[in-house]
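Notes follow once the structure below has been shown.
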Amino acid sequence: MGKTNLFHEKQNQQSRFFIDYSRKTTHLEIEPFTLLGACAGLIPYPHHNQSPRNTYQCAMGKQAMGAIGYNQSQRCDTLLYLLVYPQRQMVKTRTIELINLEKLPAGQNAIVAVMSYSGYDIEDALILNKSSLDRGFGRCIVYKKQVVAMKRYPNQTCDRIRGPLINIDTKKPKWEHEVLDVDGIVGVGEIVDNKQVLVNKYTPSSTTMTLAEQQSSGLTTANNVFAEPEEKETPLIYRNPVPACIEKVMLTSNHEDMFIVKLLTRQTRRPEIGDKFSSRHGQKGVCGLIVQQEDMPFNDLGMCPDIIMNPHGYPSRMTIGKLIELLGGKAGVLEGKFHYGTAFGGDKIVDLSKVLIDKGFNYLGKDILTSGLTGEPLQSYIFFGPIFYQKLKHMVQDKMHARARGPRSVLTRQPTEGRSRDGGLRLGEMERDCLIGYGASMLILERLMISSDQFQVDVCNQCGLF
C-alpha cells in the first residue's frame, strides 16, 4: 500500500467504493466507515443525520455511563459513574465490534413512543415509565474517593487520628461520630449522613515551634516538658445532603512516606425529573415527568413504552438515522438478531421493513396505541420501537442549589460564591439594569444592600471618627 499526502490528494482521486475505480484511481479506503474516528463510528446510520448532530453525539458519548472495565469493582477512582444494567446495542456498527463496545456498553435499549403525551414533553423533555425505573432502567452507581493525609511537621509533631468522642450522659458516641470505629476511622458498610465525621483527625496547633519554645514564649499553658502538644480538630466530614454507603477503606502511604487514608463512598441513584438522557444521534433531553405504567399508552400486545419522546424533535434536527435505528431495533427484536447501521452502508430500510411485514407489523414501524388514561385507541399511528439511550453524567442532584441564609465573605461581607460553599445567587449587571428600567428602587435597595452587604457602624457625633 502506497502513502498519499495532501499535496498529491487532488491528482490521487481517492475512491470511496470499489465499484467506482477507474484507470485514474491510485488509492482506495480500506472501508468507507474508516473515514470516521472511534466516537463518530459508534453512531448508527450517521450518513442519514444532519452533520452537527453527529458532532454533538461525539461529545455526549464520552459523558454516557456504562461499564468501564472488568476490574471496575477493584478500582479506586476520584469520581466514577457506573450503569447498573448496561445492554448491548440492538443496532450496532463495525466500529462497535472493532473496539469491543459490546462487552462494555454505555446505555440501554429503551422502548420509545414518538408522540406528545401531556405538556411535560415539550422542548426535548422525556416522559419516563415509573415501572421501567423500578425494574432498573437508567439506574446508576456513583463512587467518590476522599483522601486524608497524616502529615509530619518540622517541630517533630504529626497529625493523629483519635477515637470517637463519647457523650457523658448517654455513654455513646455523639451523633457526628456515630459511624466511627474505635480507631477513629469510619467502618466499611456504614451509611453516613450529611456532616458526619469520616476520619477523626487532629492537627497540632503549632507546626513550626517546639513545645519548649512555645512554653518559653507563653503560647501554651502546659508546663511539663513531656506534655502532649495542643491540638485542634481537623476531621474529614461527609458533605452531601444525600446519605452514602462506605464501599472501601484503604490504609496506605504515598510517595513521601506519608500515612494516608482513602475512603470510597457509594450512592445508588435512580432517574428523577431533571436527569439528562440522550440517544446516539445528538438528541439530548432531560426527564420532564415520571408516569405510572397504568397511565402510559400501550399497544395490542399490552406493551408500554419506557420513554415518550416529543415528535417536534425531528423536523428541524433531521436525525433520520434515529428513525432507521428504531426500524432496525424493532426488526432485530422480532427475528432475534442484531442489525448493522455502519456508516455509508448497513442494513437497508427495505430489508428491515420486509422483516416487520413478515412478522405482522406495519412496514413503517408504526403501531396503534391505546390511551392509558381514557382506554380509547389514539387517533393516529404512533412510531413505536426500541432505541438505544444513554444516561449522561449530568444529574439534577449534583446541580440543584438554593439559599435563604448562609455564609458571607470576610473581605466584602457579601454572600459567598458557588454551590459547594452554599453561596448566594448573583444579581448581575444585566439584572440590575432591568430593575433600574422598571424603576423598582426598593427592590434594588433590598437586593444590592439589605440582603447583601448591609453593615452598621457607630460614628462619633463630634469628630466623625469611629
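Using UniProt numbering, the first residue of the sequence shown is number 1, and each one after it goes up by one.
All residues carry an ideal CB built from backbone N, CA and C; glycine is no exception.
Since the structure is predicted, the reported quantities are computational estimates derived from the model, not experimental observations.
Can you grab the Cα-Cα spacing for the pair Phe7 / Arg53, in whole Å?
Because the pLDDT of Phe7 is 46, which lies under 50, any placement of that residue in the model is unreliable, and the question is left without a value.
Taking the alpha carbon of Pro386 as the point to measure from, which residue in Gly61, Met309, Lys354 has its own alpha carbon closest?
Met309
Taking all protein chains shown into account, do 16 or more other C-beta atoms lie within 10 angstroms of the C-beta of Gln454, making it buried, or fewer, making it exposed?
exposed
Inter-residue Cα distance where the pair is residue 473 and Tyr389:
With the chain covering only 1 through 466, there is no way to say anything about residue 473.
By the three-class DSSP mapping on this structure, what secondary structure does Gly285 have?
strand
Do you know whose CA, among Ile382, Ser452, Tyr45, Leu128, lies nearest Arg413's CA?
Ser452
Spatial distance of Met1 from Leu364 (CA atoms):
Summary for Met1: the model assigns pLDDT 49, below 50, so the residue's position carries little reliability; its value from the coordinates is reported in the next sentence. Looking at the two C-alpha atoms, the distance is approximately 44 Å.
With Thr93 and Tyr314 assumed to form a contact (beta carbons below 8 Å), what rounded beta-carbon distance in angstroms separates them?
22 Å between Cβ atoms; not a contact.
Using only alpha-carbon positions, find the residue among Glu102, Thr416, Lys399, Pro32 that is nearest to Pro407.
The option with the nearest alpha carbon to Pro407 is Thr416.
Assigned exposure category for Cys460 - 16 Cβ within 10 Å defines buried:
exposed
Out of Lys284, Phe384, Ile127, which has the shortest C-alpha to C-alpha gap to Asp295?
Measuring from the Cα of Asp295, the nearest candidate turns out to be Ile127.
Pick out whichever of Gly328, Ala343, Thr342 has its Cα sitting closest to the Cα of Gly336.
Gly328
Rank Met395, Gly423, Leu411 by C-alpha distance to the C-alpha of Ala404 and give the top, closest one.
Comparing C-alpha distances from Ala404 to each of Met395, Gly423, Leu411 shows the shortest one belongs to Gly423.
Proximity to Thr265 [Cα-Cα], best of Leu334, Ser73, Ser22, Cys58:
Ser73
Would you call the stretch 19-38 and the stretch 91-108 touching, i.e. three or more CB-CB distances under 8 Å?
Three or more Cβ pairs closer than 8 Å define a contact, and the stretch 19-38 meets that threshold against the stretch 91-108.
CA-to-CA distance, Leu28 to Ser15, given in whole angstroms
Here the model assigns Ser15 a pLDDT of 48, short of 50, so the residue's position is not dependable and the matter cannot be decided.
What are the residues that DSSP puts in a beta bridge with Pro154?
None; Pro154 has no bridge partner.
Quick check: Leu180 and Val188, are their CB atoms within less than 7 Å of each other?
Not closer than 7 Å, so no.
If contacts are defined as beta-carbon pairs under 8 Å, then Phe344 and His47 qualify, I think. What distance do you get, rounded to the angstrom?
Indeed they touch by this definition, with Cβ atoms about 5 Å apart.
Quick one: any contact between the stretch 267-283 and the stretch 348-356, if contact means 3 or more CB pairs under 8 Å?
no
What are the complete alpha helix (DSSP H) segments, minimum 4 residues, inside the stretch 23-95?
Listed in chain order, they are 51-60.
Would His401 and Arg419 qualify as a contact pair, given that the criterion is a beta-carbon distance under 7 Å?
In contact: His401 and Arg419 (Cβ atoms closer than 7 Å).
Among Ala38, Gln456, Val396, Asn200, which residue has its Cα nearest to the Cα of Gln285?
The residue you asked about is not Gln; residue 285 is Gly in the sequence shown. The residue with the shortest Cα to Cα distance from Gly285 is Val396.
Would you call the stretch 136-155 and the stretch 201-208 in contact, with 3 or more CB pairs under 8 Å?
Yes, the stretch 136-155 touches the stretch 201-208.
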